[in-house]
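Enquirer: So the sequence lines, in the order shown, correspond to chains V, Y and H.
For the first sequence, my numbering gives the first residue as 2, with consecutive numbering after it.
For the second sequence, my numbering gives the first residue as 2, with consecutive numbering after it.
For the third sequence, my numbering gives the first residue as 2, with consecutive numbering after it.
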Amino acid sequence: MAYTIDQIATALGAMAFGAVDLEIDGVAEPVDATARDLALAMKPEYAESLPRGAARAAMVWDGADWQALGLEAAIVAPRPRYVMSGLTAMMDTGQGWGDGVHPSAVVDPTAELGAGVTVGPLAVICAGAKIGAGTVIGPQSFVGTDAMVGTKGFLREGVRIGARVRIGERFIAQPGAVVGGDGFSYVTPEKSSVEQARQTLGDQGDTTAQSWTRIHSLGAVSIGDDVELGANCTIDRGTIRDTRIGNGTKIDNLVMIGHNVEIGNDCLLCGHVGIAGSTRIGNNVVLAGQTGVSDNIFIGDNVITGGGTIVLSNIPEGRVMLGYPAMKMETTMEVFKGVRRLKRLFDDVAQLKKTVSKPTSND
Amino acid sequence: MAYTIDQIATALGAMAFGAVDLEIDGVAEPVDATARDLALAMKPEYAESLPRGAARAAMVWDGADWQALGLEAAIVAPRPRYVMSGLTAMMDTGQGWGDGVHPSAVVDPTAELGAGVTVGPLAVICAGAKIGAGTVIGPQSFVGTDAMVGTKGFLREGVRIGARVRIGERFIAQPGAVVGGDGFSYVTPEKSSVEQARQTLGDQGDTTAQSWTRIHSLGAVSIGDDVELGANCTIDRGTIRDTRIGNGTKIDNLVMIGHNVEIGNDCLLCGHVGIAGSTRIGNNVVLAGQTGVSDNIFIGDNVITGGGTIVLSNIPEGRVMLGYPAMKMETTMEVFKGVRRLKRLFDDVAQLKKTVSKPTSND
Amino acid sequence: MAYTIDQIATALGAMAFGAVDLEIDGVAEPVDATARDLALAMKPEYAESLPRGAARAAMVWDGADWQALGLEAAIVAPRPRYVMSGLTAMMDTGQGWGDGVHPSAVVDPTAELGAGVTVGPLAVICAGAKIGAGTVIGPQSFVGTDAMVGTKGFLREGVRIGARVRIGERFIAQPGAVVGGDGFSYVTPEKSSVEQARQTLGDQGDTTAQSWTRIHSLGAVSIGDDVELGANCTIDRGTIRDTRIGNGTKIDNLVMIGHNVEIGNDCLLCGHVGIAGSTRIGNNVVLAGQTGVSDNIFIGDNVITGGGTIVLSNIPEGRVMLGYPAMKMETTMEVFKGVRRLKRLFDDVAQLKKTVSKPTSND
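1) Is G275 (chain V) closer than 7 Å to Q291 (chain Y) when the C-beta atoms are compared?
2) Examine chain Y for any beta-carbon lying closer than 7 Å to the beta-carbon of T356 (chain V), and answer yes or no.
3) Report the residue ranges of all alpha helix (DSSP H) runs contained in full by the stretch 269-316 of chain H; include only those spanning at least 4 residues, in chain order.
4) Three-state secondary structure (DSSP) at D7 (chain V)?
5) Go ahead and pull the three-state DSSP assignment for G319 (chain V).
6) Check M85 (chain V) in the structure and name its three-state DSSP category.
7) Excluding the 5 residues flanking D33 (chain H) on each side, which residues of the same chain have their C-beta closer than 8 Å to its C-beta?
8) Name the chain Y residues whose beta carbon is nearer than 9 Å to that of S295 (chain H)?
9) In the DSSP assignment, find the alpha helix (DSSP H) that holds M16 (chain Y) and state where it starts and stops.
10) How many angstroms separate the CA atom of G19 (chain H) from the CA atom of F185 (chain Y)?
11) Inspect the beta-carbon positions of S223 (chain V) and D243 (chain V) and report whether they are closer than 7 Å.
12) Compare the C-beta of V213 (chain V) against all C-beta atoms of chain Y and say whether one is closer than 7 Å.
13) Please report whether the beta-carbon of F143 (chain H) lies at a distance below 7 Å from any beta-carbon of chain V.
14) Could you say which of H:D109, H:G95 and H:G121 lies nearest to V107 (chain Y) if we only look at CA atoms?
15) Determine contact between the stretch 6-24 of chain H and the stretch 39-59 of chain H, defined as no fewer than three beta-carbon pairs at a distance below 8 Å.
16) Between which two residues does the beta strand (DSSP E) harbouring G339 (chain Y) extend?
17) Tell me which same chain residues have a C-beta within less than 7 Å of the C-beta of Y187 (chain V), skipping the five on either side of it?
18) Which residue from V:H103, V:E318 and V:I311 puts its Cα closest to that of G265 (chain V)?
19) Is the stretch 92-102 of chain H touching the stretch 59-74 of chain H in the sense that three or more CB pairs, one from each, lie closer than 8 Å?
20) Which of the three DSSP states, helix, strand or coil, is assigned to L202 (chain H)?
21) For F299 (chain H) and chain Y, any beta-carbon pair shorter than 7 Å?
22) Residues of chain H with CB closer than 8 Å to the CB of L353 (chain Y), please, in chain order.
23) Under three-state DSSP, which class holds E229 (chain V)?
24) Let me confirm a value: A164 (chain Y) is counted as buried when at least 16 other C-beta atoms fall within 10 Å, else exposed. Which label applies?
25) Indicate whether the contact test is met: 3 or more Cβ pairs, each with one atom in the stretch 191-202 of chain Y and one in the stretch 172-186 of chain H, closer than 8 Å.
26) Would a check of beta-carbon distances place A280 (chain H) closer than 7 Å to chain V?
27) Short of 7 Å Cβ to Cβ, which residues in the stretch 32-62 of chain H face chain Y?
28) Run the CB neighbour count on A116 (chain Y), radius 10 Å, all protein chains shown included, and call it buried at 16 or more, exposed below.
29) Just by C-beta distance, which residues in the stretch 246-274 of chain H are closer than 7 Å to chain Y?
30) Against chain Y, does M85 (chain H) count as a neighbour if the rule is that its beta carbon must be under 7 Å from one of theirs?
31) Going by DSSP, name the residue or residues bridged to E263 (chain H).
32) Would the beta-carbon of D226 (chain V) fall within 7 Å of that of E263 (chain V)?
33) Measure the alpha-carbon distance for T111 (chain V) versus A78 (chain V) and round it to whole angstroms.
34) For T5 (chain Y), which of Y:A29, Y:D38 and Y:P31 has the nearest alpha-carbon?
35) Along the stretch 105-135 of chain H, what residues have a CB closer than 7 Å to any CB found in chain V?
36) Are the C-beta of I168 (chain H) and some C-beta of chain Y separated by less than 7 Å?
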């Protein structure tokens, strides 16, 4: 679909300059841009490659001399990164799937589909499931018994929503996301070596090897509004009550959320993050890639972790953390510096010992 | 399904008190409990919220004054965590799927299904596959050519069992679990930079860049009895012989088991654990979340690791390990303490150097 | 299928000895070998167990006295590991699936299938997709709108290829691999706490909590020739241009490749590797299991990392890295040694302080 420069600027609340009725079909990096693309040149270094492409119009930084850049039209946005949100939404051509319920889908007659629901080929919707108006259930996706998905949701191909899971409005799930697998919860008849080692911080004592009996999951998963799930991520059911994800929280690919976990609103959990069972996470928490969080602990509001952080104990609100074990980022940066100089420290101490002992040996 | 307090206590081998013919439909945390739920109040701190719910009966700790808690009936179990196993099994309402072979499933005529096998909608069962009596093959699941799944198994939605995989009795697999992907095994015509760097511990020498040729996987995967697999976990085929998982071993979400790996009986592998190719793991081993284990090494019986442990070499039996690299938990705890005080140590040594050098400069 | 020892040796460019017209159906480890298996005894320690099996022929090391090992025939290869590649390819019996387009598959009439394309049961091929000659689209797999897969590809069961993804020749994907999920890219109206903490290395300042707005992915994924993807791995779409994977690169199970990432040729990315958005990786790079790489950084050609390495900044070409944070492997090995002796160092310094302060107190 084509838009004029003026239409785009108006939609984004940005300012347009030059030939504002120029028509645009897409967006592109400067070097790839055709004459019908809006080039993205929001920094001077990006603008340098404009001549290598064919762009006639670009989104530029505040204060750019767009005419000197050889452009016929320009859009200027005060916070370019934020404008990207509206611009990419306008230009998104979607997945190209048809509407309606595909004849190959298996939809239980007791399932309730709202107005305008799409169900892709070979999807399965089980008994008692409720799908809100306008929601798309992608090809080969699965919605379990008595599960609920709110309105205006979009499930890509092969998403799995387990029995009794409840999901709010505008839910988005990437391919292969799994909600509602059973919790990983087992128990031994007598106290296990793990229980013992946790109490003693490392000593298994004289516990004997035993087999594991499963604790069944009776809870489901409750997910708020505006939540997004990444490809092949997994969110387990709670044991007695539901595992809970708040409103506006975004979860990346291959993230693992254990049973009984509670996550607040507006969190970002990046790729490969793992949250072990019964841990509670506040609002506006950002966990970088491969962050791991132990079971049964608490992470306060507004906590941020860096990549690979291993969280073994509670974190008070507002902290920025890094490392294994997680420490304040500034402490970990000091530690990183320190360990690099450790060899020199050993040398210094060895030298000091020699120096200090020498006078004594002279006695 | 409803049970009386007496029926529940009898089934669990626990003691019942009070109005033991009270009927119960489910279990709940104290605050969420209705009059027909058994509240779980196995610790005094949980019991405090009983008045905020409507429970008439609860499971309480040994010695609890249940009448003072306002209850009409109570169940007391000596090891409450273990009793949870039986209780949740009784109360599990399952996935709500129908019985029999769904007409939309694609079952090869040469596949053998035992008595009472369920095959969900849009599942695929390939030629020569054998499914044991009473096993449920979930919606959209896949069982490959000549694969075998034992009796009383339960495969959730979208599970993938590759060709020639052999699985024992009472197998449980969560959505998206993959058994029998090809091993990640490649070779270069001449010695590769990786082979060289491993031999020299860090020096690539003058090896030149080459392309990788695949080593095909001819083995499959052999899985014992009572094994459970988590959502979206992956277990690769062996190169020549099978990758092997022993009896009673439980594997969590997003765990990766490489080709040729051998895992013993009654192990627990938690979320995001990765075991690289040809590594052997003993019995009753517990690997916490995000533990990584190098290829071609050995982990003895009864080893336990903490979260995020990176295992780069063999671990003798019975050790409790933590850290990167994996060390005995007590050593790692010392190291964690030490690195936090590293800055002070550098300061101390700097001060010592000044102090020690001063008298000399006075000479 | 049966081969003579002579046929196998000829195909592998290896030398055959003894009864070279002996027929072989498969390969096996010495202890498991039947009379119709070629035993793999490429090292003297493997050959020791030949008598426990029934092998009449074996692949042996250069210089082995095969007759003394009780064999009737032998194949000798100069680089046995490389010969494994050809040998396992010859002996691979495949997945046992039928040919042609299965009647239960849902193939859009506008999709173009090349000569000899196989589409398994319950697979979906969307409008405008192009599948090259000889490619196998496995059972329950998905190929999105306008996606392209080259010739001679092999997609196992449940693979997901998103809209507009372009893939080269001889592509192999294991079960559950996902290509073309949306990027994990969000923005807040005002500067977020994360942007602030990154600039200040740990200080969130007075940023206030905000909700996240998604940046849509308009790019797709471009994948070269001879690429292989592991089970349940995920490769996200680019924001404006495609995420790119070069020729000959092999990606293992549960690997996560973020949006806009560029990966060169002939790389190996092992299990659980995560590459965050917009990072560039050169050619012939080998990242061991659980290696994590931050966003927007650069890894040069021929870099190798060890298991669990956390890469937080650029790595120049040719480096062998290990640790958290990633350092040269030799540096990290020194650090590993140093932290183990840290307790002793603290003791030494405490002792030194006492020794040094003593004379002073004597004054």
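All C-beta atoms in this analysis are idealised placements derived from N, C-alpha and C, irrespective of residue type, glycine included.
Quick caveat, the model's predicted, so the values are computed rather than measured.
Expert: Reading off the structure:
1) yes
2) yes
3) none
4) helix
5) coil
6) helix
7) Listed in chain order, the non-local C-beta contacts of D33 (chain H) below 8 Å within the same chain comprise G54, local neighbours out to five positions each way being set aside.
8) Result: empty, since nearest Cβ-Cβ is about 17 Å, beyond 9 Å.
9) Taken as a continuous stretch (DSSP letters only), M16 (chain Y) belongs to no alpha helix (DSSP H), being part of the beta strand (DSSP E) at M16 to G19.
10) Just so you know, the alpha carbons of G19 (chain H) and F185 (chain Y) end up roughly 34 Å apart.
11) yes
12) First, the amino acid is wrong: residue 213 (chain V) is Trp here, not Val. It does: the Cβ of W213 (chain V) has a partner Cβ on chain Y nearer than 7 Å.
13) yes
14) H:G121
15) yes
16) G339 (chain Y) -> not in any beta strand (DSSP E); alpha helix (DSSP H) instead, spanning M330 to R341.
17) Cβ-Cβ distances below 7 Å link Y187 (chain V) to W213, T214, R215 and I216 in the same chain, with the five nearest sequence neighbours on each side left out; the list follows chain order.
18) V:E318
19) no
20) coil
21) The beta carbon of F299 (chain H) sits no closer than 7 Å to any beta carbon of chain Y.
22) V350, L353, K354 and V357
23) strand
24) buried
25) no
26) According to the sequence displayed, residue 280 (chain H) carries Thr and not Ala. Taking Cβ atoms only, chain V never reaches closer than 7 Å to T280 (chain H), which makes this a no.
27) D33 and L41
28) exposed
29) G249, K251, D253, N254, L255, D267, L269, C271, G272 and H273
30) yes
31) H:R245 and H:R281
32) no
33) 50 Å
34) Y:D38
35) V107, L123, V125, C127 and A128
36) no
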